[in-house]
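Numbering (my numbering), first residue to last: 228 to 946.
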């Protein structure tokens, strides 16, 4: 349980992943919803279960008819005949079948509704300070967050909850996003750049920001989150629609089969009751997968939310399971993201300690992770310390110079290299070589070889040089910045390869560096010196071959590629353009989440396929239970098919109906949690499904129906 405080209230955030499917509140709510879903308008969405409900109504009417028309006989149970009791028992278990299917769907929605209650509370209790201009000291008014519109400016100060989604236009602040991401560590959000987006429901911990609202009421992140977790916005995916059509077709076929049995039975001299025909129909149509199909889809989206990924639709989750190509950014996804200094490589005639000292001086004001790592390496390896000097001017890195460094001496740090006694620079090789040439120095063939060697090894070379008013300019050597490939990445890419997924690394590095990192990480291919245009071109090339492509991004320049990709995952810390272009948003802003997204999609498809196989297979066993029993007296030869040796025809039909209902509720945990995911190819996966769920779907009903038949005999309920 996470808590976030505001000035006037507290909102507790319950993470979906923390709620068990057997939570009493979820079960209680699902039980109530199961009866609400008996509404025929709701059941029409599921043709299979609608047929079962119609059958339940017909058998209930038949029971009422028998109750008032059939005379009491000597083999009664109280005041009812055996036929009446049989019809009543079938009607009750058919209603249970519908209720159990509704319960499975309601359980899948249960955790989402619990989360939605918390999110809705956060949305409706927030007060916003709306400004008339960007001036934080200007006129303002307090209004409910639900009244904010796109384009409004609001002031959010320390301790306030951000009232709605938006972009920071003024200020910088530390923000607690635990209500959305679950991470307790605060993050910095500021105007400009790719980390200016903020989400309604998060809390500013320090300082202040002016936020321009980017969503109208009902369109905010919280609104979309509520709709998603409640299942209200869930649309059936193409595969789910196709499967529904298949199930509906099978249902129609079995309806025609059952209808044709009645005249056949009359011709043979033994009429079959309407109750038996309905029981036969319900047992033969794929009620198991029909009852669980919706629950499987909702649970798949729920598992995505548990991983802090907001999917805009079920179509996106399903597409993730069909992905053939993964486009992965190198930095932060395949590598740790922060390059670290690993060694100093001096040129001939330069002492390594001298190079380390110059690198240390040039990095003292460099607050980047790379700069700090250079200082740490110089201090740890050589015990070097910075000198306390007043005549020091630090030169920051710029995109134009692609260098940074320090000027020592001269006009007490005035910043002019012409008057400085000594200047040290570090940066890109071509920039530093040009700098040395401008100050009378010369390029070095040895330097070119060192730089090329470091690049081929997958590292980044930073060249160090110095200029001195007394001795001119000279190159000192190279600092090697090493990209560290994350542990276990090669193994994960091997698993992807087994699943038939091709991985492509995208990086802005030069081809030599990119090739080395790609080889170390074990990806299938790479795209070096990537630009928005080259990313888009790569995605289109892959899609032309019929492949589905997934990628991540966070910047405005990633938006076209995210929109083009079949599965586009935007970082929650990214720009609004990126989030609007993608069909998924990663609340943790973790680029490696793309791999988990694909795994969740695969698990959804595997679970659906496994339970479909099981459902169709167990219809075979129910066929052997009911058909022989129906015509056993008329055609004694059929007794050979009564391999389960069920007690009576009525007992056989009732046992099959009871099993048909119980198996749905028994499979609810599997439908909600999903079949265990294993990274294997389509061939082995099909064999496993047929072996485990196909053969199991045939064997289990034989055992279950026989056990129920025995129980009915023991309780003297065989009619």
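The C-beta atom is built at its ideal place from N, Cα and C for all residues, glycine as well.
Residue from the options whose Cα sits closest to the Cα of residue i
i           : options            : result
residue 848 : 884, 600, 795      : 884
residue 255 : 272, 558, 337, 742 : 337
residue 698 : 920, 666, 546, 790 : 666
residue 567 : 561, 577, 602      : 602
residue 262 : 331, 274, 557      : 331
residue 589 : 444, 293, 681, 635 : 635
residue 575 : 268, 673, 604      : 673
residue 329 : 509, 383, 895      : 895
residue 435 : 471, 396, 473      : 396
residue 779 : 789, 771, 772, 770 : 789
residue 651 : 701, 670, 550      : 701
residue 707 : 591, 915, 295, 684 : 684
residue 340 : 526, 682, 798      : 526
Local Cβ density within 10 Å of residue i, reported as buried at 16 or more and exposed below that
i           : result
residue 675 : exposed
residue 369 : exposed
residue 922 : exposed
residue 756 : exposed
residue 612 : exposed
residue 515 : buried
residue 593 : buried
residue 595 : exposed
residue 312 : buried
residue 877 : buried
residue 903 : exposed
residue 918 : exposed
residue 425 : buried
residue 561 : buried
residue 292 : exposed
residue 829 : buried
residue 607 : exposed
residue 845 : buried
residue 620 : buried
residue 513 : buried
residue 825 : buried
residue 781 : buried
residue 767 : exposed
Cα-Cα separation between residue i and residue j, rounded to whole angstroms
i           : j           : result
residue 686 : residue 733 : 16 Å
residue 609 : residue 630 : 24 Å
residue 792 : residue 433 : 38 Å
residue 639 : residue 597 : With a pLDDT of only 44 at residue 639, under the threshold of 50, the placement of this residue in the model should not be trusted; the figure read from the coordinates follows. Computed Cα separation, rounded: 28 Å.
residue 837 : residue 854 : 26 Å
residue 519 : residue 835 : 9 Å
residue 501 : residue 264 : 26 Å
residue 229 : residue 252 : In this predicted model, residue 229 has a pLDDT of only 30, less than 50, meaning its place in the structure is not dependable; the value taken from the coordinates is given anyway. Looking at the two C-alpha atoms, the distance is approximately 19 Å.
residue 663 : residue 386 : 52 Å
residue 394 : residue 379 : 11 Å
residue 416 : residue 437 : 11 Å
residue 459 : residue 479 : Only weak support exists for where residue 459 lies, its pLDDT of 43 falling under 50; the value from the coordinates is given anyway. Cα to Cα, the separation comes out at about 29 Å.
residue 413 : residue 359 : 29 Å
residue 423 : residue 777 : 25 Å
residue 738 : residue 678 : 14 Å
residue 726 : residue 901 : 18 Å
residue 929 : residue 866 : 16 Å
residue 924 : residue 839 : 10 Å
residue 288 : residue 280 : 12 Å
residue 388 : residue 429 : 6 Å
residue 475 : residue 823 : 33 Å
Contacts around residue i, its chain only, beta-carbon distance under 8 Å, and the 5 residues preceding and following it disregarded
i           : result
residue 375 : 355, 357, 381, 390, 391, 440, 444
residue 471 : 273, 274, 463, 520
residue 277 : 267, 270, 271
residue 745 : 732, 752, 753
Chain-order list of residues whose beta-carbon lies under 6 Å from that of residue i (same chain, five-residue window excluded)
i           : result
residue 584 : 611
residue 934 : none
residue 752 : 731
residue 366 : 359
Same chain, Cβ closer than 7 Å to residue i, five either side skipped, listed in chain order
i           : result
residue 604 : 568
residue 327 : 518, 888, 891, 892
residue 481 : 508, 511, 512
If you pair each beta-carbon of the segment 789-804 with each one of the segment 873-893, do three or more pairs fall below 8 Å?
-> No: the two stretches stay apart, fewer than three of their Cβ pairs being nearer than 8 Å.
Count the C-beta pairs between the segment 806-819 and the segment 517-536 that are closer than 8 Å, then say yes if the count reaches three, no if not.
-> Contact between the segment 806-819 and the segment 517-536 is established, with three or more Cβ pairs separated by less than 8 Å.
Cβ contact check for the segment 690-697 and the segment 711-729: 3 or more pairs under 8 Å | Fewer than three beta-carbon pairs drawn from the segment 690-697 and the segment 711-729 are found closer than 8 Å, and the two stretches are therefore not classed as touching.
Pairing CB atoms from the segment 310-325 with CB atoms from the segment 503-514, are three or more of them under 8 Å?
-> The segment 310-325 is in contact with the segment 503-514.
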